[in-house]
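So the sequence shown is numbered by the working numbering: it starts at 97 and just counts up by one.
By construction, the Cβ of each residue, glycine as well, lies at the ideal position given by its N, Cα and C atoms.
Notes to accompany the following structure.
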Amino acid sequence: MKEMLKITLSLVLIFIGAGLIMGVTYKYTSPLRFKAEKREKEEALKQMAPDATDPIVAAGKWTTHGKNFEYYTATASAKPVAYISSTAGKGYSSYIQMLVSVDTDLKIRDVKILGHAETPGLGDQVEEKSFIDQFKGKSLPDIKLIKGETKENIQAISGATISSRAVTNGVKDAVQTLVEKYGAGVKTAAQGVRK
Numbered sequence: 097m098k099e100m101l102k103i104t105l106s107l108v109l110i111f112i113g114a115g116l117i118m119g120v121t122y123k124y125t126s127p128l129r130f131k132a133e134k135r136e137k138e139e140a141l142k143q144m145a146p147d148a149t150d151p152i153v154a155a156g157k158w159t160t161h162g163k164n165f166e167y168y169t170a171t172a173s174a175k176p177v178a179y180i181s182s183t184a185g186k187g188y189s190s191y192i193q194m195l196v197s198v199d200t201d202l203k204i205r206d207v208k209i210l211g212h213a214e215t216p217g218l219g220d221q222v223e224e225k226s227f228i229d230q231f232k233g234k235s236l237p238d239i240k241l242i243k244g245e246t247k248e249n250i251q252a253i254s255g256a257t258i259s260s261r262a263v264t265n266g267v268k269d270a271v272q273t274l275v276e277k278y279g280a281g282v283k284t285a286a287q288g289v290r291k
C-alpha cells in the first residue's frame with residue numbers, strides 16, 4: 097500500500113511539474129508567435145497588392161462555413177488599388193486557407209494559398225503556379241470549376257478534384273464578398289454563387 101501511494105504521489109508531482117513547465121513556456125512563447133504570425137500576415141497582404149503604399153488594414157469581417165474572415169482595402173495615396181479577402185475552402189483533408197485580391201474592376205489579381213493539410217503529390221498541387229494563375233483576370237461569373245480542358249473557367253487538377261473545388265469555392269466566396277462590399281452594378285452577376 098505504501099509503495100502504491102509513493103508511485104501515485106510521484107506521478108502527481110511529475111504532472112504538476114510538467115504542467116508548470118508548459119504554462120511558463122506558453123507564457124513566454126505566445127507573444128513571440130503572435131508577433132511572427134502578424135508579420136507573416138502583413139507580408140502576405142503586401143504581396144497581394146504590391147502597388148499599395150499605405151498600410152493595409154482590415155475594412156470588415158464576413159462569415160462562411162461557420163468561420164470568420166476579414167476583407168481589406170489596399171490603397172496608394174488614399175486611393176484604392178485593390179481589395180483583398182481572406183477565405184477558405186473545404187478540401188479533401190483540411191480547410192485550405194487563402195488570400196484573394198481583386199483590382200478595382202473586381203477582377204482577380206492574385207490568389208495565395210496560406211496553409212492546408214491536403215494529400216502530398218495530389219491535393220497540394222493547388223499551390224502550383226499553373227493552377228493559381230488560372231484565376232488571374234477572372235471576374236465572378238467565370239469562377240467555375242471544369243473537369244476538362246477550359247480557357248474560360250478553372251480546370252480541375254486531375255486526381256485532386258476535391259482540393260481544386262475547395263480552392264475554387266473559397267475564391268468564389270471571397271470575390272462574392274468583395275463584389276457585395278465594393279461593387280456597384282455587378283451584384284446581379286453574383287447572385288446564387290455563395291454556397
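Determine the direct distance from the alpha carbon of residue j to that of residue i, and round the result to whole angstroms.
i	j	result
Pro-176	Gly-115	49 Å
Glu-197	Gln-272	Reading the sequence as shown, one finds Ser at residue 197 and not Glu. Going by the C-alpha atoms only, they are around 12 Å apart.
Tyr-278	Ile-242	28 Å
Ala-154	Thr-169	7 Å
Asp-150	Thr-171	6 Å
Gly-162	Thr-200	28 Å
Thr-183	Phe-111	40 Å
Thr-104	Met-118	21 Å
Gly-255	Arg-205	27 Å
Lys-123	Ala-178	38 Å
Ala-174	Gly-217	43 Å
Ile-180	Lys-240	20 Å
Thr-257	Lys-247	17 Å
Under the three-state reduction of DSSP, which class applies to residue i: helix, strand or coil?
i	result
Ile-250	strand
Ile-239	coil
Gly-279	coil
Lys-234	coil
Gly-113	helix
Gly-119	helix
Ala-140	helix
Thr-125	helix
Gly-255	coil
Met-97	coil
Glu-133	helix
Gly-266	helix
Which same chain residues end up closer than 6 Å to residue i when comparing Cβ atoms and leaving out the 5 residues on each side of it in sequence?
i	result
Gly-185	Ile-192, Ala-262, Val-263, Asn-265 and Gly-266
Asn-164	Lys-157
Ser-259	Gly-187, Tyr-188, Glu-214, Gly-219 and Val-222
Got a sec? Which residues, its chain only, sit under 7 Å from residue i by beta carbon, not counting five neighbours each side?
i	result
Val-207	Met-194, Val-196, Ile-228, Phe-231 and Val-267
Ser-190	His-212, Ala-213 and Glu-214
Ile-250	Gln-230, Phe-231, Ile-239, Lys-240, Leu-241, Ile-242 and Thr-264
Leaving out the 5 sequence neighbours to the left and right, which residues in its chain are closer than 8 Å to residue i when beta-carbon positions are compared?
i	result
Thr-159	Phe-165
Glu-138	Ile-152
Ile-209	Ile-192, Gln-193, Met-194, Val-222, Glu-223, Ile-228 and Val-263
Ser-106	none
Does any residue of chain B have a CB that is nearer than 9 Å to the CB of residue i?
i	result
Pro-146	The chain labelled as chain B is not found in the depicted structure, where only one protein chain is given.
| field | Complete beta strand (DSSP E) runs within the segment 146 to 224 (minimum length 3 residues, chain order) | value | 153 to 160, 163 to 172, 175 to 186, 191 to 198 and 204 to 211
| Is the number of C-beta pairs between the segment 217 to 232 and the segment 138 to 146 that are closer than 8 Å three or more? | no
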